[in-house]
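Numbering-wise (this note's numbering), the sequence shown opens with residue 117 and increments by one.
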Amino acid sequence: MKLIYPLTTLLLSLAACETINKNETKINDETKINSAIDTIIVSKKQTFHVQGKVIGDDQVQLSATDGDQPALEDTISGPGLLPLEFPDFNADGFLDILLKYADKSSTAYLYLFDPRSNTFKSIDGFVNYPNAVRLHTNPAYYYAYYSEGCSDLNWISDLFKIDSFKTIQIGHIYGKGCEYNVLENPQLIGIYKTTGDNGQSEILVEKLPYLKFIPTNNEKRDFLEKYWNNNYYKFE
Numbered sequence: 117m118k119l120i121y122p123l124t125t126l127l128l129s130l131a132a133c134e135t136i137n138k139n140e141t142k143i144n145d146e147t148k149i150n151s152a153i154d155t156i157i158v159s160k161k162q163t164f165h166v167q168g169k170v171i172g173d174d175q176v177q178l179s180a181t182d183g184d185q186p187a188l189e190d191t192i193s194g195p196g197l198l199p200l201e202f203p204d205f206n207a208d209g210f211l212d213i214l215l216k217y218a219d220k221s222s223t224a225y226l227y228l229f230d231p232r233s234n235t236f237k238s239i240d241g242f243v244n245y246p247n248a249v250r251l252h253t254n255p256a257y258y259y260a261y262y263s264e265g266c267s268d269l270n271w272i273s274d275l276f277k278i279d280s281f282k283t284i285q286i287g288h289i290y291g292k293g294c295e296y297n298v299l300e301n302p303q304l305i306g307i308y309k310t311t312g313d314n315g316q317s318e319i320l321v322e323k324l325p326y327l328k329f330i331p332t333n334n335e336k337r338d339f340l341e342k343y344w345n346n347n348y349y350k351f352e
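Pasting the structure below:
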């Protein structure tokens, strides 16, 4: 659960975690940052100070500290950076740090909290999985979604897990719903099991008739949610 507060708001206590945003990140235009990040988060009674120092016109020095102990140090791109989010992304009871950018590709970066080292660790490869959602039937897995053109009628969704702070793709769906020249390019949903960290190898699991399962474009997300949650075991 993410909560954002202005500086003048009193600290709101939560059972598991709490956040205060003292000065939200703002974007002046597409190339310059207007202000730095200055946020306090409290996770399982630990207080972290998350800051972002503007470097020039296009970079931010991102840091997090627990008192005087460093918990994160990284340099990130500034243009298009949205206000930071602090979800419990992997449902382990600790707040994490999620960076999103205001672009059409829904670019995002994730730092998971590691209680063993008391630091936030960048998740290798997470940027390849935009709009990531955790499965409710098996929280070890997530699925992503992104457009492949034709007014979003062609699209891709990948099933992945996070292991040792890196992403591993295990499933892939290609939805071909474009209505142009369907006799030569029939509409279909191709579903594959993948191997390798980046899904280098694919094994066909099944092909589905597109309009039978997604009769209208706004039913696409419902299809993905149901399919991945009900069929993830086929990709293990």
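Every residue, glycine too, gets a C-beta built ideally from N, C-alpha and C.
Beta strand (DSSP E) containing residue i: first to last residue?
| i | result |
| --- | --- |
| D338 | Counting along the chain, D338 falls outside any beta strand (DSSP E), though it belongs to the alpha helix (DSSP H) covering K336 to N347. |
| P186 | Q185 to S193 |
| G168 | Q162 to I171 |
| Y225 | A224 to D230 |
| A180 | Q175 to D182 |
| P214 | The sequence as given places Leu at residue 214; Pro does not occur at that position. Residues I213 to K216. |
| T235 | T235 to S238 |
| T95 | Because the chain spans 117 through 352 in this model, residue 95 falls outside it and cannot be assessed. |
Tell me whether residue i sits in a helix, a strand or coil according to DSSP, three-state version.
| i | result |
| --- | --- |
| L327 | helix |
| V243 | helix |
| F351 | helix |
| N301 | coil |
| L130 | For L130, the predicted structure reports a pLDDT of 34, less than 50, and the residue's modelled location is therefore unreliable. A value from the coordinates is still provided. Three-state result, L130: coil. |
| T147 | Reliability fails at T147, whose pLDDT of 33 lies under 50, so the model's placement of it is uncertain and no value is given. |
When the distance is taken between beta carbons, is residue j closer than 9 Å to residue i?
| i | j | result |
| --- | --- | --- |
| P246 | Y227 | no |
| L200 | V158 | no |
| T177 | G168 | The question names Thr, yet the displayed sequence has Gln at residue 177. For Q177 and G168, yes; Cβs fall inside 9 Å. |
| F236 | L197 | no |
| K160 | F242 | no |
| T253 | Y348 | yes |
| T311 | I305 | no |
| I307 | V298 | no |
Can you tell which of the options has the C-alpha that lies nearest to the C-alpha of residue i?
| i | options | result |
| --- | --- | --- |
| F351 | A218, N234 and A256 | A256 |
| D240 | K160, K216, N346 and S280 | S280 |
| N288 | F276, K336 and C294 | In the sequence as displayed, the identity of residue 288 is His instead of Asn. Of the listed residues, the one whose Cα sits closest to H288 is F276. |
| N234 | I305, T253 and F164 | F164 |
| F329 | G293, Q316, L320 and Y308 | G293 |
| L269 | K336, Q285, D208 and T310 | K336 |
| L324 | G291, Y217 and W344 | G291 |
| S222 | D174, K309, A248 and Y348 | A248 |
| T332 | E295, D208 and A218 | E295 |
At what residue ranges does the region 253–303 contain a whole run of the alpha helix (DSSP H), taking only runs of 4 or more? Entirely contained in the region 253–303, not one alpha helix (DSSP H) run reaches 4 residues.
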